[in-house]
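Written below as structure tokens is the structure these notes are about.
Numbering (the working numbering), first residue to last: 26 to 310.
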């Protein structure tokens, strides 16, 4: 996988910036993950690789039936002839990112969430993701997902964070109450969506449960700088944030302490919030 990543990076004219399996580099850079991923020109996501020994540049087979579709030939660079297949939505079986091995890994979540642009090497497609245009499938591909940005960090947070960095660290972000009711509702919904997507994932070292999510929390903190972040929950909305629940049947609690018992980070498995769009008013406290 690393060799394939180097090959793609060099082919695109860029350089790798993150060392692998270096405890020293991890200690030095873990606090910079937010800026590393959000400022990177492009993030490569080897979604189909199950382990580091797997590559991701292999030939991909179609995940839809080609029966009764319409083949269309086109010329590739170098004179080769490729083909694509036109079919109606009724014939498309759908593509679900949750099927990919990368979506079981905790550390990989913030890579995708914070990336300005990402090339996703999935099992059946090569996809291009960006903050504004959802999912663009490339190559052996059929689907455009209008919901490709679902669960992503709201663009307002990114634009604010970039503005703060350009003006210097002494510039403080506006207080949480500067948001309109609709903006606050959108931000809270995105936070709960991030938790739903992150908590089912695993990390190699259980103690990293909160650390691997820290860059996401830091990004959201740009819009609520006057509140404190408490082990995965926010002080100003603590009563609401405590309304999370474990999966059924619940998984055993970890033997080693990693977070207070009232934090979702203290348990393994997907957690969900009792607050939904139906019940949440969307107004700042």
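Every residue gets a Cβ at the ideal spot worked out from N, C-alpha and C, and that includes glycine. All of these numbers come straight from a predicted model, not from anything done at the bench.
Cross-strand partners of residue i (DSSP beta bridge)
{"i": "residue 145", "result": "70 and 152"}
{"i": "residue 107", "result": "99"}
{"i": "residue 34", "result": "Looking at the DSSP assignment, residue 34 forms no beta bridge with any residue, so it has no partner."}
{"i": "residue 297", "result": "270"}
{"i": "residue 227", "result": "130"}
Contact set for residue i: own chain, Cβ-Cβ below 6 Å, skip 5 residues either direction
{"i": "residue 74", "result": "26 and 81"}
{"i": "residue 133", "result": "127"}
{"i": "residue 50", "result": "44"}
{"i": "residue 242", "result": "254"}
{"i": "residue 29", "result": "80, 81 and 82"}
{"i": "residue 232", "result": "283"}
{"i": "residue 194", "result": "Summary for residue 194: the model assigns pLDDT 37, below 50, so the residue's position carries little reliability; its value from the coordinates is reported in the next sentence. Correct list: empty, nothing qualifies."}
{"i": "residue 63", "result": "139"}
{"i": "residue 155", "result": "142"}
{"i": "residue 285", "result": "256"}
{"i": "residue 102", "result": "none"}
{"i": "residue 71", "result": "26, 81 and 146"}
Endpoints, the alpha helix (DSSP H) within which residue i is located
{"i": "residue 26", "result": "That residue, residue 26, is in no alpha helix (DSSP H); it is neither H nor E in DSSP."}
{"i": "residue 128", "result": "No alpha helix (DSSP H) holds residue 128; DSSP gives it neither H nor E."}
{"i": "residue 52", "result": "48-54"}
{"i": "residue 81", "result": "Per DSSP, residue 81 belongs to no alpha helix (DSSP H) and is neither H nor E."}
{"i": "residue 209", "result": "206-223"}
{"i": "residue 282", "result": "Here residue 282 belongs to no alpha helix (DSSP H), and DSSP marks it neither H nor E."}
{"i": "residue 39", "result": "Where residue 39 is concerned, there is no enclosing alpha helix (DSSP H), given that its DSSP letter is neither H nor E."}
{"i": "residue 59", "result": "58-64"}
Selected residue, minimal CA-CA separation from residue i, among the options
{"i": "residue 256", "options": "288, 270 and 248", "result": "288"}
{"i": "residue 273", "options": "293, 279, 284 and 281", "result": "293"}
{"i": "residue 295", "options": "220, 63 and 279", "result": "220"}
{"i": "residue 79", "options": "103, 66, 148 and 246", "result": "148"}
{"i": "residue 281", "options": "248, 109, 234 and 77", "result": "234"}
{"i": "residue 298", "options": "61, 263 and 31", "result": "263"}
{"i": "residue 238", "options": "206, 276, 290 and 214", "result": "290"}
{"i": "residue 141", "options": "103, 69 and 205", "result": "69"}
{"i": "residue 327", "options": "104, 95, 46 and 246", "result": "Any property of residue 327 remains undetermined from this structure, which presents the chain solely from 26 to 310."}
{"i": "residue 135", "options": "57, 250 and 249", "result": "57"}
Same chain, Cβ closer than 7 Å to residue i, five either side skipped, listed in chain order
{"i": "residue 266", "result": "258 and 259"}
{"i": "residue 100", "result": "106"}
{"i": "residue 39", "result": "66 and 67"}
{"i": "residue 271", "result": "292, 294 and 296"}
{"i": "residue 236", "result": "55"}
Residues of its chain near residue i, where Cβ-Cβ distance is below 8 Å and the 5 sequence neighbours each way are ignored
{"i": "residue 227", "result": "129, 130, 131 and 293"}
{"i": "residue 97", "result": "108, 109, 110 and 111"}
{"i": "residue 224", "result": "289, 294, 295 and 296"}
{"i": "residue 269", "result": "220, 289, 296, 297, 298 and 299"}
{"i": "residue 34", "result": "40, 41 and 69"}
Point to revise | Residue ranges of each alpha helix (DSSP H) within the segment 239-265, 4 or longer | key: Runs of the alpha helix (DSSP H) inside the segment 239-265: 239-246.
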